Amino acid sequence: EHIFELESSLNISEEQKAIYVIYQDGTWRIQAVPVSPDSFESRKALPEAWRGIRDAQLDEITGIPGGIFVHATGFIGGNKTKDGALAMAQKALTL
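The numbering of the sequence shown is this note's numbering, which starts it at 370 and goes up by one.
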């Protein structure tokens, strides 16, 4: 909910709103921001081709080393490194 409060208080335009959030949780996570605080729909889910894929197969499909998983719905994924999670976000934005 905090991201929605920030976007509102800072008058962030639709084009400037966050699509993904990257954070550390033992490893690194990339999480798609939902369209609203109570929604399960993401502003932009992770690519369909990545969903439900893990480990070496994820590395192969994404071309990004260190992949851990992408959830079947595409709302969250993981990578072993911060750089890997950032690369996943950057690539997902182009697909």
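We treat Cβ as the ideally placed atom computed from N, Cα and C, and that holds for glycine. For clarity, every value in this text was computed on a predicted model and none was experimentally measured.
When you compare only the Cα positions, how much space is there between residue i and residue j?
{"i": "LYS413", "j": "LYS449", "result": "22 Å"}
{"i": "ALA458", "j": "ILE399", "result": "7 Å"}
{"i": "GLU370", "j": "ALA441", "result": "23 Å"}
{"i": "LEU351", "j": "GLU384", "result": "In the structure displayed, the chain extends from 370 to 464; residue 351 sits before or after that span and is not available."}
{"i": "SER411", "j": "ALA387", "result": "11 Å"}
{"i": "GLY443", "j": "PRO403", "result": "11 Å"}
{"i": "ILE433", "j": "GLY395", "result": "19 Å"}
{"i": "GLY446", "j": "ILE437", "result": "7 Å"}
Helix or strand or just coil, what does DSSP make of residue i?
{"i": "ASP394", "result": "strand"}
{"i": "SER411", "result": "strand"}
{"i": "GLY443", "result": "coil"}
{"i": "ALA461", "result": "helix"}
{"i": "ILE388", "result": "coil"}
{"i": "ILE430", "result": "helix"}
If we count the other Cβ atoms within 10 Å of its Cβ and call it buried at 16 or more, is residue i buried or exposed?
{"i": "ALA425", "result": "exposed"}
{"i": "VAL439", "result": "buried"}
{"i": "ALA418", "result": "exposed"}
{"i": "TYR389", "result": "buried"}
{"i": "THR431", "result": "buried"}
{"i": "LEU427", "result": "buried"}
Checking the sheet assignment: what are the DSSP bridge partners for residue i?
{"i": "ARG423", "result": "PHE438"}
Starting from residue i, trace the alpha helix (DSSP H) both ways and give me its first and last residue.
{"i": "ILE545", "result": "As shown, the chain starts at 370 and ends at 464. That puts residue 545 outside it, with no answer to give."}
Does the beta carbon of residue i come closer than 8 Å to any beta carbon on chain C?
{"i": "GLY453", "result": "No chain C is present in this structure, which holds just one protein chain."}
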